Amino acid sequence: MKFTRSGVLATAIAAAAAMPAVSQAADGTITFTGQITSQTCTISGNGGGKNFTVTLPTVSTSALATAGTTAGRTPFNIALSNCTPNSGNVSTYFEPGATVDTTTGQLINATGTATNVEIGLLNGDSSVITLGAAQASQNSKAVALASGAATLKYFAQYVATNGASTAGTVNTTVMYSIVYQ
């Protein structure tokens, strides 16, 4: 028996047409929205570039003897200049990631040797920033741009967790994005 390509194709089409159509009712629709802006600024963290280091002071373990105590509050800032457009509000969004403790909203001691210690961030008015939370829930304060410039002021501090902190180094990082409003 000899088959031809057109014969096989015709048989396949006929078989597909004879099969019942499978249909499923949708339970709902998800709509995703967002915005991409051309707004940009030159970023200067603590007088350096967009990637910078904040060095907290050396503190004694006695300053962090119980969970929840804080020490070593250190100011830092993110200065923006040459922003386009040159007005509106800006804030910093501290991104979730492997170094963020989602329970405390603080930074874990990712590569340091001290234990029971995290780094907490605060706004310039000393209100707590909940790292890794949704932008609207993070509490990172917005600042108005003036002539295309703004300075976002913050503090970093040690926070004792799970009891007394032990001696050692503290090293961590956080990714951030500037949010234009």
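Residues -25 to -1, 1 to 156 (mature numbering (1 follows the signal peptide of the UniProt record, and there is no 0)) make up the sequence shown, in order. All residues carry an ideal CB built from backbone N, CA and C; glycine is no exception. Given the structure is predicted, the values throughout are model-derived calculations rather than measurements.
Judged by DSSP in its simplified three-state form, residue 102 adopts coil rather than helix or strand. Straight across, the Cα-Cα distance linking residue 21 with residue 51 is about 6 Å. Listed in chain order, the non-local C-beta contacts of residue 145 below 8 Å within the same chain comprise 31, 84, 87, 89, 92, 94 and 133, local neighbours out to five positions each way being set aside. A contact between stretches requires three or more CB pairs, one per stretch, nearer than 8 Å, and the region 136 to 152 meets this requirement with the region 33 to 49. Excluding the 5 residues flanking it on each side, residue 56 has same chain C-beta neighbours closer than 6 Å at 17 and 124, in chain order.
Taken in chain order, the complete beta strand (DSSP E) segments of 3 or more residues contained in the region 48 to 126 are 64 to 69, 81 to 83 and 92 to 98. Judged by beta-carbon spacing, residue 79 lies within the 9 Å limit of residue 136, meaning their Cβ atoms are closer than that value. Counting other Cβ atoms within 10 Å of its Cβ, residue 7 stays below 16 and is therefore classed as exposed.
Around the beta carbon of residue 11, fewer than 16 other beta carbons lie within 10 angstroms, which makes this residue exposed. Here the alpha carbon of residue 67 sits roughly 25 Å from the alpha carbon of residue 44. About 11 Å separates the beta carbon of residue 105 from that of residue 98, a gap too long to meet the 8 Å contact definition.
Distance from the CA atom of residue 128 to the CA atom of residue 65, rounded to whole angstroms, is 12 Å. Going by DSSP, residue 11 is part of no beta strand (DSSP E) at all; its letter is neither H nor E. The alpha-carbon of residue 72 is positioned some 11 Å away from that of residue 81. Residue 38 carries a helical assignment under DSSP once its states are collapsed to helix, strand and coil.
With respect to residue 62, residue -1 sits apart: the two C-beta atoms are not nearer than 9 Å. In this structure, 116 is the residue among 28, 75 and 116 with its C-alpha nearest to the C-alpha of residue 102.
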